[in-house]
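Structure first, commentary second.
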Amino acid sequence: MATANNIRQRLQATTNTVVSGQTIRNRLHNFGLRARRPVRGTTLTANHRAARRAWCTQHVSLQRQQWAQVLFTDESRFCLEPADGCIRAWRRRGERFAEGAVLERQRFGGGSVMVWGGISTRLRTPLYHVVGNLTGVRYENDILQPLVVPALQAIGPRAILQDDNAPPHRSAAVNTFVQQARVNRMLWPAHSPDLNPIEHMWDELCRRVQQHHPPPANLGQLLQWLQQEWNGVPRAFIILCNLIHSMHQRCVECLAHNGGHTRY
1 MATANNIRQR LQATTNTVVS GQTIRNRLHN FGLRARRPVR GTTLTANHRA
51 ARRAWCTQHV SLQRQQWAQV LFTDESRFCL EPADGCIRAW RRRGERFAEG
101 AVLERQRFGG GSVMVWGGIS TRLRTPLYHV VGNLTGVRYE NDILQPLVVP
151 ALQAIGPRAI LQDDNAPPHR SAAVNTFVQQ ARVNRMLWPA HSPDLNPIEH
201 MWDELCRRVQ QHHPPPANLG QLLQWLQQEW NGVPRAFIIL CNLIHSMHQR
251 CVECLAHNGG HTRY
């Protein structure tokens, strides 16, 4: 990824040719290239890419009925006033500070709420409010025992738990509990949110909460609406099935990109 000025500087350094940034942009336009906002993704090292390739190679041949045995889980944070760089205000010259042209925000974003949830093609776990820091002990006592184990039992004897490599998920106490409870756990490659279909469920949840007018007035109301929308997403069964049925294509794209980022 490079800007027109980056290209101009490199060209001058290697060939001693001096051209303007506008000339570079004109030539790029002639080849059909346009400046676009880059897609944001997690940092992937060579080791991350190798682990993602290995995981996708192992799982790309799984059938839909096998993916239906997996409980996909994750935590997500929702801000009271989410940042949105796409907001624009229509105004005339000199009306920068006019009424209606100023976006008022509380300092520090007004706070946030962290929640945990799990999905499969057959069910959704309750949405759990994570208060403060999530430790391994809390993950075991507040999430695994009361929420994950019953969900896995409802899915069936071949159910598999998917959780990422966050420190609370891989603490010694949690690993011991998982072994004692005979929970079948899926190994997960680091830095791979695009391979987890629950990320799209969080996006859907965020969109539905943002559709409320007026917006939530406080964190308590934000949490209430999150839980309400989580429990009442229309066509939830179809949404969950479509997300989890996309696992094959996620693996295919990851392999096609040599373990790199996918469109998911």
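Residues in the sequence shown are numbered from 1 upward in steps of one, following UniProt numbering. Glycine included, every Cβ here is placed at the ideal spot set by N, Cα and C.
Can you say whether residue i is buried or exposed, counting buried as having 16 or more other CB atoms within 10 angstroms of its CB?
i           : result
residue 150 : exposed
residue 132 : exposed
residue 137 : exposed
residue 194 : buried
residue 92  : exposed
residue 125 : buried
residue 23  : exposed
Helix, strand or coil: how does DSSP classify residue i here?
i           : result
residue 232 : helix
residue 140 : helix
residue 199 : helix
residue 15  : helix
residue 57  : helix
residue 174 : helix
residue 115 : strand
residue 70  : strand
residue 162 : strand
Take residue i and list the residues in its own chain whose beta-carbon comes closer than 6 Å to its own, dropping the five residues that flank it on each side.
i           : result
residue 14  : none
residue 18  : 12
residue 208 : 229
residue 134 : 168
Alpha carbons only, please: which of the options is nearest the one belonging to residue i?
i           : options               : result
residue 252 : 42, 53 and 186        : 53
residue 154 : 92, 70, 178 and 167   : 70
residue 248 : 63, 227, 25 and 43    : 63
residue 123 : 262, 257 and 240      : 240
residue 223 : 238, 165, 77 and 259  : 77
residue 229 : 206, 238 and 242      : 206
residue 183 : 167, 135, 227 and 163 : 163
residue 21  : 237, 119 and 9        : 9
residue 204 : 146, 165, 130 and 231 : 231
residue 244 : 259, 72, 174 and 179  : 72
residue 66  : 172, 174 and 157      : 157
residue 119 : 74, 129, 142 and 59   : 74
residue 242 : 50, 94, 68 and 42     : 68
residue 61  : 142, 250 and 46       : 250
For residue i, which residues of its own chain have a beta-carbon under 8 Å away from its beta-carbon, when the five flanking residues on both sides are left out?
i           : result
residue 6   : none
residue 246 : 197 and 264
Can you give me the Cβ contacts of residue i inside the same chain, cut-off strictly under 7 Å, excluding the 5 residues immediately before and after it?
i           : result
residue 219 : 80, 111 and 113
residue 177 : 140 and 144
residue 181 : 149
residue 16  : none
If the criterion is Cβ atoms closer than 8 Å, does the pair residue i and residue j meet it?
i           : j           : result
residue 255 : residue 121 : no
residue 44  : residue 191 : yes
residue 201 : residue 161 : no
residue 127 : residue 227 : yes
residue 55  : residue 189 : yes
residue 130 : residue 115 : yes
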